[in-house]
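Report on the following structure.
In the working numbering, the protein residues as written are 68 to 173.
As structure tokens, this is what we get:
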């Protein structure tokens with residue numbers, strides 16, 4: 068391999084590795100607060116998720132409610148009478164799901 072080919076290979080590899088280092092995935096944490104369910108959505112790189120949908124489903128996969136995250140990346144729901152799970156789908160990677168059994172009072 069000559070020096071030009073080696074340089075091209077190094078540049079190509081460094082381009083891929085910098086792209087991989089910049090990749091991030093969606094995160095969401097939720098908790099109970101009186102009669103509300105509060106969820107904060109964001110990304111693994113620490114960036115916020117403003118104006119994204121967070122959806123609430125019952126265990127039969129029926130949509131119960133849908134809220135948009137606010138400027139703080141928070142979506143608030145009224146606590147339903149049925150069991151449920153929440154989904155934050157940022158449109159790439161895998162959607163985040165949080166089940167009612169994972170929620171704690173805050």
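Backbone N, C-alpha and C fix where the C-beta goes; we use that ideal spot for every residue, glycine too.
Top-ranked residue by Cα proximity to residue i, from the options
i           : options            : result
residue 168 : 122, 151, 133, 134 : 151
residue 171 : 91, 93, 97         : 97
residue 134 : 153, 128, 110      : 153
With 16 other Cβ atoms within 10 Å as the buried cut-off, status of residue i
i           : result
residue 155 : buried
residue 136 : buried
residue 126 : exposed
residue 140 : buried
residue 158 : exposed
Close Cβ partners of residue i (< 7 Å) along its chain, the five nearest in sequence each way excluded
i           : result
residue 161 : none
residue 131 : 123, 124, 125, 147, 151
Cutoff 8 Å; reference residue i; Cβ partners in own chain excluding five residues on either side
i           : result
residue 114 : 91
TODO: Decide yes or no for the touch test of the region 94-104 against the region 139-157: beta carbon pairs closer than 8 Å, at least 3 of them.
DONE: yes
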